[in-house]
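Residue numbers (UniProt numbering): 1 to 536.
Just so you know, even glycine gets a beta-carbon here, dropped at the ideal spot from N, CA and C.
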Amino acid sequence: MEKRIAVILLSIISLVTSINVGAQEEVLFKIYAEELNVIRSNRQSYFYSAYGIIDETVPEAAKLRDAVDRDLDEFGASLDEYLAARSIVSINPEYHKFIFAHRLPDKDELALFNKYVSAELNTIPSPLDGSIPTPSLPKAERENRVKMKAESTDPVTGGKMWTFANGIKVIYKKAGLKGRFNYGLVIKGGENVFVGDMLEYFDVGKMKWYDFRRLLDLDGIIMKPEVSTADLRITGSAPTEALQDLLQSISLLAAQGRLNPEGFDLYKKKESILLKKTDLDANIDSLLRRNYDYSQYRFKSHLTDNLRGRAQEYYEKQFARFNDGVIVFIGDLDEKELCNTLEKNLGAFPTGKNYYVRPSIQYELRTGSSVHMVYDSYLSPGVNIALSLINPVSADAYIALDFLKVIVEKELHTEVRTNVELFPQERMTMIIRFGDKGNPSAALTECRAAITKLLETPITDDQLSLYKSYLMDQYNVRKSSPDWMIKNAFYRYSQGKDFMGKYEEKIRKLTNASFSNLLRLLNEGSRVEYIVLKKD
């Protein structure tokens, strides 16, 4: 943007807000740039969806992007768009205090933002003329109030647990950034991982799926569905004032949602393109357990035509029993207002008398060790050693795995990823990545020796104390994170596990044996050594 325009704009803002222009210029324009990116991205996403574009490199996609920039340049953002973008950007701690300390009346702030947009964008006319409608939610059925009948303390978050007359359980905790809250919904019962994505392609009543997603964007509501073999999870965040719209959106999605056939075809084509890129963890997992149909990873062979019918049937069953799980709200919400809003809305959330019983699904990890060498243009060259074990995952074992991860990272100076799977069988996996060392054979020998040394050489008391302190700090930071609290609430109320209870005591009790015994068990379990070489 031209410096002259920047100075004029900052001068206007300084007159209204008494901001120290010199000190605040950088953060102000970072905020405006991120808000502009949110608005552009949302508009582009809408057009890609509405026009059925799956590849951003095609000329039609470029025309759509030009149309979006041209329209923003000429007419600016709408108030709804701007407020939604501002709400999302305010999640960033770097910007949070600035946004709330220097707020103008919304319309004045929008006018200044649009001046920035006009100066920032230098567009040329595009032959494509597209207008974006402002959708509205379909009418909900008449209000059906349901009373909160019991209250207790939730041991995971430390917040309140409310049980309503229809059996729906809600956790509430006051926390987080001003003006926004995080939320999560889990319902027991799983399906194919691709089915989770398909909720984004559901029409709601007569509203097309892309208009429904646009509506959420305008409200500043982030909604991310995810399906595993264990359950359905919907997580995200929203502005405090959008609570009613969020609840109404979920209830209408449950009551009137239907998977759009064209949306399903669009998703399938787009996902097929994405699956051409190698997923390292997916490849390794397919070697650890061959011919397994319920993986949390994505494989093209599982993206079948019958998923459309399966997805519709799955969501109909899930959305018929909101009482078979829990809903979590953490953030800037008034307790009394939240409870009253829930009592007015949860009656529209269907509940059932029967609870989901998870089926018994057995599989076997391959025994022993295997070596695989691949040439790939996507993956970074290096040696990856995966260790996996089917074993009960207690809270002590969960923390021991985190402790092992810290020790391996620090002692071997390498990257480590761990994964805990609770259904269909309890399983722990650790993947140790060693960088490119040139000669693959020599590199593999060196990596094996490093793991053996770690198994045979005890950690000194000083190192042990240091690593325990590091892990304790990690847990202390995590426990105040809304996302972490929601994740652990899901563990407890969907899968019956409490991994955070008394974690301080469990970390203090960790010893050399805690990590060495677990590393030995993993090393004696299923092992895949996966060497990646650069494809010319």
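Tyr314 is not a Cβ neighbour of Gly263, given a cutoff of 8 Å. According to the DSSP secondary-structure assignment, Ile385 is paired through a beta bridge with Ile432, Glu529. Counting along the chain, Val371 sits inside the beta strand (DSSP E) bounded by residues 369-376.
In this structure, the beta-carbon distance from Arg427 to Leu389 falls below 8 Å. With 16 or more other Cβ atoms inside 10 Å of its own Cβ, Ser237 counts as buried. When the five nearest sequence neighbours on each side are left out, the beta carbons in the same chain lying within less than 6 Å of the beta carbon of Leu401 are those of Thr418, Met428, in order along the chain. Rounded to the nearest whole angstrom, the C-alpha separation of Val156 and Arg492 is 8 Å. Each residue's CA atom was taken as its position, placing Leu266 and Gly52 some 6 Å apart.
Ile486 carries a helical assignment under DSSP once its states are collapsed to helix, strand and coil. Taking all protein chains in view, the Cβ of Glu446 is surrounded by fewer than 16 other Cβ atoms within 10 Å, so the residue is classified as exposed. Rounded to the nearest whole angstrom, the C-alpha separation of Leu519 and Ile385 is 13 Å. The DSSP-derived three-state label of Tyr292 is coil. Between Asp305 and Asp197, the alpha-carbon positions lie close to 15 Å from each other. Burial check for Lys506: the Cβ neighbour count within 10 Å reaches 16 or more, so the residue is buried. Lys270 carries a helical assignment under DSSP once its states are collapsed to helix, strand and coil. Within its own chain, the residues whose Cβ lies closer than 8 Å to the Cβ of His302, once the five positions on either side in sequence are excluded, are Asn192, Val193, Phe194, Asp293, Ser295, listed in chain order.
With contact defined as three or more Cβ pairs closer than 8 Å, the stretch 324-341 and the stretch 170-186 are in contact. For Glu421 and Lys224, the gap between their C-alpha atoms comes out near 20 Å. In the three-state reduction of the DSSP assignment, Leu185 falls in the strand class. Positions of the beta strand (DSSP E) runs, each at least 3 residues long and wholly inside the stretch 210-277, are given as 222-227, 231-239, 257-259 in order along the chain. In the three-state scheme derived from DSSP, where H, G and I count as helix and E and B as strand, Met198 is classed as helix. If you check the CB distance, Ser251 and Phe349 come in under 8 Å. Here DSSP, grouped into helix, strand and coil, assigns Thr452 to helix. Contact between Lys535 and Ser380 fails: their C-beta atoms lie close to 12 Å from each other, not under 8 Å. Measuring C-alpha to C-alpha distances from Ile168 to each of Glu316, Gly347, Gly189 identifies Gly347 as the nearest. If you check the CB distance, Met430 and Leu522 come in under 8 Å.
Under the rule that a run must span 4 or more residues, the alpha helix (DSSP H) segments found entirely inside the stretch 51-76 read 59-75. Taking a 10 Å sphere around the C-beta of Ile361, we find fewer than 16 other C-beta atoms and assign the residue as exposed.
Each residue's CA atom was taken as its position, placing Lys276 and Lys270 some 11 Å apart. When secondary structure is reduced to three states using DSSP, Asn419 falls in the strand class. Around the CB of Gly525, 16 or more other CB atoms lie within 10 Å, so the residue is classed as buried.
Contact annotation: Leu243 and Gln312 have beta-carbon atoms that are not nearer than 8 Å.
If you check the CB distance, Val146 and Ile327 do not come in under 8 Å. Relative to Asp80, the option among Tyr467, Gly496, Leu218, Leu110 whose CA is nearest is Leu218. Inter-residue distance for Leu253 and Thr229 is about 22 Å (C-alpha atoms, whole angstroms).
Sequence-distant Cβ neighbours of Leu338 in its own chain, meaning closer than 8 Å and more than five residues away, are Tyr172, Leu243, Phe329.
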